[in-house]
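Residue numbers (full-length UniProt numbering): 1 to 453.
Here is the structure we will look at.
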Amino acid sequence: MSDLPVKVTHTETGKVLFGPEAPKASQLDAWLEMNPGYEVAPRSDSEESDSDYEEEDEEEESSRQDTEEKILLDPNSEEVSEKDAKQIIETAKQDVDDEYSMQYSARGSQSYYTVAHAISERVEKQSALLINGTLKHYQLQGLEWMVSLYNNNLNGILADEMGLGKTIQTIALITYLMEHKRLNGPYLIIVPLSTLSNWTYEFDKWAPSVVKISYKGTPAMRRSLVPQLRSGKFNVLLTTYEYIIKDKHILAKIRWKYMIVDEGHRMKNHHCKLTQVLNTHYVAPRRILLTGTPLQNKLPELWALLNFLLPTIFKSCSTFEQWFNAPFAMTGERVDLNEEETILIIRRLHKVLRPFLLRRLKKEVESQLPEKVEYVIKCDMSALQKILYRHMQAKGILLTDGSEKDKKGKGGAKTLMNTIMQLRKICNHPYMFQHIEESFAEHLGYSNGVING
């Protein structure tokens, strides 16, 4: 569809908008919904004589829309070839993919996005609390987008591709709100156990003045943190999915200002324990999901995300499906949608999500990324690893020297592969073999065969 401005006129006042003030053709429908009283102005004679290629584009677009309507009215129609149907499906899929990337330059356009982000605030630089580094330009744009979510009382999904610094942008948001909005927390950040130490490291590096609690460890260690939690003398609490569920009787009592969930694509399953616990026990007026995984084109998964971000609007999954099912149901009952109808519904959902989703890809910002640097650090094996490694090498040679019973050589190849896997386990840690740990523990005097600590 052309992205040229479309001249519109007000039916009562006669006011005409054209040029930069007029809505773009791609946003015309949304603009007319947001501006009642306006309609497309009739074209003049000079406008009728547009270039040939524009008329051809319009005819092609009209033909494509007519074909889509035929398929939707009668999916089994013989007038539409299988090739045409596949082309429409692929075009719709491409449209869905295109709607992921919200163009940040569309700030001034009268669109659904602009209405949702009615209160705008320019973020020219990072907070003074954020030290030891400077945000890239696209990261500063991400910070501005999240600040806009805050100003407009919205929740959102930061879905930048992996490696673009979602962690740093989140820390930048917290420091910005602390400095400019006097919102000192408490902030709840829920992360996988494997990334908890990295989050702690990044806070120490970028925002050492932010008081944080790393809520993890044994029950005794976690109980020792309760007095500090109750006193409220902290800004950020970092914890894992497991402790959010296990210690909800402690953590859910705190009235969190912000809830930030890393690896937020896990929330797409509404029936998982984490989603249910967060929705029923924890109170946080503002929520942000971080994910590097693109959203899937499945109604229940998209509803689960919308339910987490906007729980007061999207309450019931069944009502949600009926709502988007209604245009295709003649009797008001639930119908099974074909692929084209489902894709059209998905497109509507992505339009609903557009103001709440920001996704950038590496290829879009690669000019701002530093050169990749690889550091190879060699680590010698311990004495125990060397003994086990040499023993396994000798065992492998004995088993693959041609003395196998299988004359075809398959047994030797299989044994060699198993040997390589065992050598890999030894390099990772000798305690990958349970009997090795038990023997070494008994040698050190541990009666239960397990070394603690």
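For glycine and all other residues, C-beta sits at the position ideal for the given N, C-alpha and C.
Asked	Found
When Ser439, Gln385, Leu32 are compared against Lys425, the one with the closest alpha-carbon	Gln385
DSSP three-state assignment for Arg266, whether helix, strand or coil	helix
Per-residue DSSP class, three states only, for Val226	helix
Spatial distance of Phe433 from Arg223 (CA atoms)	34 Å
Cβ neighbours of Leu188 in the same chain (closer than 6 Å, five flanking residues each side left out)	Leu237, Trp256, Met259
Cα-Cα separation between Leu32 and Leu306, rounded to whole angstroms	25 Å
Among Ala207, Gly217, His265, Leu274, the one whose alpha carbon lies nearest that of Ile245	Leu274
Segment contact flag, the stretch 126-136 with the stretch 145-159, C-beta cutoff 8 Å, min 3 pairs	no
Contacts around Lys349, its chain only, beta-carbon distance under 6 Å, and the 5 residues preceding and following it disregarded	In the sequence as presented, Lys is not what sits at residue 349; that position holds Leu. Cβ neighbours of Leu349 beyond the five flanking positions: Leu302.
Cβ neighbours of Pro285 in the same chain (closer than 6 Å, five flanking residues each side left out)	none
Backbone CA spacing between Ile250 and Gln276 [nearest angstrom]	17 Å
Contact the stretch 168-175 vs the stretch 202-210: 3+ CB pairs below 8 Å	yes
Cβ-heavy atom distance, Leu158 to the ligand FMN, below 6 Å	Of ligands this structure carries none, so the ligand FMN is not represented either.
Own chain residues within Cβ distance below 7 Å of Ser137, not counting five before or after	Checking the sequence shown, residue 137 turns out to be His, not Ser. Taken in chain order, the residues that qualify are Gln368.
DSSP three-state assignment for Ser367, whether helix, strand or coil	helix
Beta-carbon proximity of Ala22 to Pro5, cut-off 7 Å	yes
Residue span of the beta strand (DSSP E) that contains Tyr258, given as start and end	258-261
For Val365 and Ser197, the rounded distance between their alpha carbons	27 Å
Tyr241: first and last residue of the uninterrupted beta strand (DSSP E) it sits in	Per DSSP, Tyr241 belongs to no beta strand (DSSP E); it is in the alpha helix (DSSP H), 241-246.
Extent of the continuous alpha helix (DSSP H) run through Leu274	273-281
Inter-residue spacing [alpha-carbon to alpha-carbon] between Ile346 and Asn428	45 Å
Buried versus exposed call for Met146 [16 or more other C-beta atoms within 10 Å across all chains shown]	buried
Distance, Arg360 Cα to Lys7 Cα	32 Å
Reduced DSSP category for Thr9 - H, G, I as helix; E, B as strand; rest coil	strand
For Arg348, the three-state DSSP class (helix, strand or coil)	helix
Delimiting residues of the beta strand (DSSP E) encompassing Leu196	Unbroken run through Leu196 is the alpha helix (DSSP H), 193-206; no beta strand (DSSP E).
Burial state of Ala304, where buried means 16 or more other Cβ atoms lie within 10 Å	buried
Cα-Cα separation, Thr293 to Pro219	33 Å
Spatial distance of Pro227 from Tyr113 (CA atoms)	43 Å
Close beta carbons around His265, own chain, < 7 Å, minus the five adjacent residues each side	Thr291, Thr293
Ala394 to Glu438 span [Cα, whole Å]	23 Å
Pairwise C-alpha distance: Leu344 and Gln94	Here Gln94 scores only 47 on pLDDT, less than 50, and its place in the model is too uncertain to base an answer on.
Neighbourhood of Leu193 by C-beta, 6 Å cutoff - its chain only, sequence neighbours within 5 removed	Thr240
Span of the beta strand (DSSP E) around Val40	38-40
Val147 in three-state terms, based on DSSP	helix
Beta strand (DSSP E) segment containing Leu290, residue limits	286-290
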